[in-house]
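With this note's numbering applied, the sequence shown corresponds to residues 91 to 590, in that order. Idealized CB from N, CA, C, for every residue including glycine. To keep things clear, I will list the structure first and then write my remarks on it.
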Amino acid sequence: MVNNYLKKIKEFYHQYLSFRSLRVRIFLIVLAVGIIPSVAMRYGIVRNYEQRAVELRTVAVQSQLKIIADHLINEDYFNTNRSEVINAELEMLSNLYDGRVQIISGNLRIIKDTYGISEGKTIISEEVIKCFMGESLSNYDAQNGYIEMTIPIIDNQNVSAEGTGGTTATGPDPRVKGVMLTSISTDYITETMSILSRKAMILEALMIMAIVAIALILSIVLTRPFERVTKAIGEVKAGYSNESISVPDLAETEHIVEAFNQLLQRMKVLDDSRQEFVSNVSHELKTPLTSMKVLADSLLVQEDVSVELYQEFMEDIVSEIDRENRIITDLLTLVKMDKKASAMNIVSLNINDMTELILKRLRPLARKKDVEVVFESVRSVTAEVDEVKMTLVMSNLVENAIKYNKEHGWVKVVLDADHQYFTFEVSDSGIGIPEDSLAQIYERFYRVDKSHSREIGGTGLGLAITKNAVLMHRGSITVTSTEGEGSTFLVKIPLNYIAG
Ligand code: ADP
91 MVNNYLKKIK EFYHQYLSFR SLRVRIFLIV LAVGIIPSVA MRYGIVRNYE
141 QRAVELRTVA VQSQLKIIAD HLINEDYFNT NRSEVINAEL EMLSNLYDGR
191 VQIISGNLRI IKDTYGISEG KTIISEEVIK CFMGESLSNY DAQNGYIEMT
241 IPIIDNQNVS AEGTGGTTAT GPDPRVKGVM LTSISTDYIT ETMSILSRKA
291 MILEALMIMA IVAIALILSI VLTRPFERVT KAIGEVKAGY SNESISVPDL
341 AETEHIVEAF NQLLQRMKVL DDSRQEFVSN VSHELKTPLT SMKVLADSLL
391 VQEDVSVELY QEFMEDIVSE IDRENRIITD LLTLVKMDKK ASAMNIVSLN
441 INDMTELILK RLRPLARKKD VEVVFESVRS VTAEVDEVKM TLVMSNLVEN
491 AIKYNKEHGW VKVVLDADHQ YFTFEVSDSG IGIPEDSLAQ IYERFYRVDK
541 SHSREIGGTG LGLAITKNAV LMHRGSITVT STEGEGSTFL VKIPLNYIAG
């Protein structure tokens, strides 16, 4: 019970939460692609506004200050008594921009302060001194909420000969009669910025909600075809359907489905061939049994059967038993090879000696049919092979060459090698194989002439075993044949076994 829940939680995690899930990835990517620019945009807009607003304000105030500076010179503010008109102008400016204006004379004394608190005092600051050198400066202090600017008051007509109050290495500009030091509040900008920022944040929240919804919908919609594929495959797996599936929603799912259908097709072919094999096996195993039953029955129904007849029938029954035995042995050999895991027992062997031994074993059979067996060894060959399987290959080919030969015929075995492969060629002067049968001779239980093969003790499994054994050595087998003249089988095997 608990285990079940754990399993479900795990499944849910893998499907909906794990980063390995395509759905989660799509969701996160859409989310990132949507949210990052919107946050950056909000930040950019607010910052840009601030910069622009400060710039505009600075320019506006500076131009006003320049006008007043000209008035100061025209009214000879530094030498005569303070002009009321100018004072009023200064007041108006400081009221308008919520700021403070201080006018500093050549000896660094504050001669006017719109706040009225610093008049008469001396001021020494870097900005003021720089300004006496003719430079207009402005500085925005965002933290404390003000812009500070300094404007030189320049008199182009009466350039005084002696220096002014500023003492620097380069020296003050003689045209500069004084400096206007102004600071204006940026509360208005800050306030606008916070309103703007609040509005942008609301907009951003709405956008994020929309992006989350879009990401969620996209992640579900885009991965749905894959769920459909899994479901369709699940149905085949469960056995509800055996037909090809189709999920044409996406090119990718179409590819997966195509590959799956091909696999299904291959499985069907394998299943068909397995069924055919089973029915062939049953049939082949039944044939000797049927013959035995017929022989035994006919002995039973007859009365006074002579001993000679008994003996004759018994001999037939024994040969049928031998046949059955051969089929079962061959089948077992084949099944063992089919198990791909069946380990190859690779050893380094002298193939010439191996061939001699096989030919020695088969010579009695050849003698019976008066077939001459010749062995031509072009060179001495040592190769890495599985001894049992390679013996099967060679003896099956030579045995067939003898079995399907004519009286007084010949069989020639040629062994050769290059630096990579060795070749084992078996030619005979036998009955040959019809062209349309050449492709089928390696099939299990296939025989060109069933009754003839059976007569001479064939099971139809020899070449199937041979081909399997050759392939397990990563070799190849080819055949050329002319009906009535003979056949040549050529086996090519790597000298060094290629594992894997
Ligand atoms: P079998 O046990 O019947 O010999 P094989 O698998 O060894 O089965 O061979 C399959 C069929 O191929 C044989 O029945 C025979 O018709 C044909 N065949 C094999 N080798 C030769 C050959 N050297 N000459 C002519 N026919 C052959």
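Length of the line joining the Cα atoms of residue i and residue j
i, j, result
"Glu252", "Asn197", "With a pLDDT of only 45 at Glu252, under the threshold of 50, the placement of this residue in the model should not be trusted; the figure read from the coordinates follows. If I take the Cα positions, the gap works out to 12 Å."
"Gln510", "Asn586", "8 Å"
"His104", "Ile418", "50 Å"
"Met404", "Val516", "37 Å"
"Leu183", "Ala150", "11 Å"
"Met239", "Gln152", "8 Å"
"Ala143", "Ile279", "7 Å"
"Ile193", "Ile135", "37 Å"
"Leu180", "Ile158", "8 Å"
"Ser128", "Asn177", "49 Å"
"Glu474", "Thr445", "15 Å"
"Asp412", "Thr380", "14 Å"
"Leu271", "Ser208", "12 Å"
"Glu573", "Ile521", "6 Å"
"Asp231", "Arg147", "14 Å"
"Ile523", "Phe316", "52 Å"
"Phe389", "Asp406", "With the sequence shown as reference, residue 389 is identified as Leu, and Phe is not the correct amino acid for it. Using only the alpha carbons, I get a separation of about 12 Å."
"Thr258", "Ser215", "In this predicted model, Thr258 has a pLDDT of only 46, less than 50, meaning its place in the structure is not dependable; the value taken from the coordinates is given anyway. Taking the straight line joining both Cα atoms gives about 12 Å."
"Val191", "Glu225", "18 Å"
"Gly256", "Arg199", "Reliability fails at Gly256, whose pLDDT of 43 lies under 50, so the model's placement of it is uncertain and the value that follows must be treated cautiously. Rounded to whole angstroms, Gly256 to Arg199 spans 11 Å at the Cα level."
"Asp476", "Asp508", "20 Å"
"Ala300", "Lys98", "31 Å"
"Thr254", "Pro262", "Unreliable positioning characterises Thr254 in this predicted model, as indicated by a pLDDT of 45, which lies under 50. The coordinate reading is nonetheless provided below. Going from the Cα of Thr254 to the Cα of Pro262 covers about 7 Å."
"Ile323", "Met357", "14 Å"
"Gln141", "Met283", "11 Å"
"Glu615", "Ser331", "As shown, the chain starts at 91 and ends at 590. That puts residue 615 outside it, with no answer to give."
"Phe465", "Leu505", "8 Å"
"Asn351", "Ser566", "30 Å"
"Asn246", "His161", "13 Å"
"Lys496", "Met484", "20 Å"
"Leu452", "Ser571", "22 Å"
"Ala431", "Asp518", "Confidence at Ala431 is low in this model, with a pLDDT of 47, below 50, so the placement of that residue should be treated as unreliable; the coordinate-derived value is given next. So the two alpha carbons sit approximately 35 Å from each other."
"Lys289", "Asp203", "39 Å"
Selected residue, minimal CA-CA separation from residue i, among the options
i, options, result
"Thr320", "Ile521, Ile307, Ile301 and Ile335", "Ile335"
"Thr481", "Val560, Tyr532 and Gly499", "Val560"
"Thr513", "Asp476, Arg469, Trp500 and Val538", "Arg469"
"Tyr139", "Ser287, Val92 and Ser215", "Ser287"
"Ile243", "Ile163, Asp518, Tyr536 and Met484", "Ile163"
"Ile219", "Ser195, Met562 and Leu505", "Ser195"
"Pro264", "Val384, Phe222, Ser226 and Thr380", "Phe222"
"Asp420", "Asp188, Phe535 and Pro524", "Phe535"
"Leu69", "Gly268, Thr170, Tyr230 and Val463", "No answer is possible for residue 69: it lies beyond the span of the chain, which begins at 91 and ends at 590."
"Ala433", "Ala589, Ile125, Thr568 and Phe367", "Ala589"
"Arg544", "Tyr236, Val359, Glu410 and Lys97", "Glu410"
"Glu462", "Asn495, Trp500 and Glu477", "Trp500"
"Val51", "Ala303, Arg318, Tyr106 and Leu227", "No answer is possible for residue 51: it lies beyond the span of the chain, which begins at 91 and ends at 590."
"Arg364", "Thr377, Gly324 and Val425", "Val425"
"Glu348", "Glu333, Leu360, Lys100 and Ala295", "Glu333"
"Leu118", "Val395, Met382, Asn486 and Leu308", "Leu308"
"Asn558", "Asp160, Ile583, Glu165 and Val120", "Ile583"
"Val503", "Ser467, Lys327 and Val471", "Ser467"
"Gly329", "Leu96, Ile285, Asn415 and Leu354", "Leu354"
Endpoints, the beta strand (DSSP E) within which residue i is located
i, result
"Val463", "Glu462 to Ser467"
"Phe514", "Tyr511 to Asp518"
"Val337", "From DSSP, Val337 is part of no beta strand (DSSP E); its letter is neither H nor E."
"Leu271", "Val266 to Ser275"
Endpoints, the alpha helix (DSSP H) within which residue i is located
i, result
"Met79", "Outside the displayed span of the chain (91 to 590) sits residue 79, for which this structure offers no information."
"Phe102", "Val92 to Phe102"
"Pro378", "Ala341 to Val391"
"Asp245", "Run containing Asp245: none; DSSP gives neither H nor E here."
"Tyr230", "Tyr230 -> not in any alpha helix (DSSP H); beta strand (DSSP E) instead, spanning Leu227 to Asp231."
"Asp506", "No alpha helix (DSSP H) contains Asp506, which is instead part of the beta strand (DSSP E) from Trp500 to Ala507."
"Asp412", "Val397 to Asp428"
"Gln192", "That residue, Gln192, is in no alpha helix (DSSP H); its beta strand (DSSP E) goes Gly189 to Ser195."
"Ala456", "Ile441 to Lys458"
"Pro127", "Leu112 to Asn164"
Closer than 7 Å to chain B by CB, residue i
i, result
"Met484", "The structure shown contains no chain B; it is built from a single protein chain."
Contact between the segment 526 to 533 and the segment 450 to 459 (3+ Cβ pairs under 8 Å)
With a cut-off of 8 Å, the segment 450 to 459 and the segment 526 to 533 do not count as touching, because too few Cβ pairs lie within range.
Please output, in chain order, the residues near the ligand ADP using a CB cut-off of less than 5 Å to any non-hydrogen atom of the ligand.
Asn490, Ala491, Tyr494, Gly520, Ile523, Ile531, Arg537, Val538, Ser543, Gly548, Thr549, Gly550, Gly552, Leu553 and Ser577
Three or more C-beta pairs below 8 Å linking the segment 380 to 400 and the segment 540 to 551:
no
Touch check for the segment 361 to 375 and the segment 334 to 353: three-plus C-beta pairs under 8 Å?
Output reads no: the segment 334 to 353 does not touch the segment 361 to 375.
Counting beta carbon pairs with one atom in the segment 477 to 497 and one in the segment 561 to 577, are three or more of them shorter than 8 Å?
yes
Does the count of Cβ pairs from the segment 110 to 128 and the segment 298 to 312 closer than 8 Å reach three?
yes
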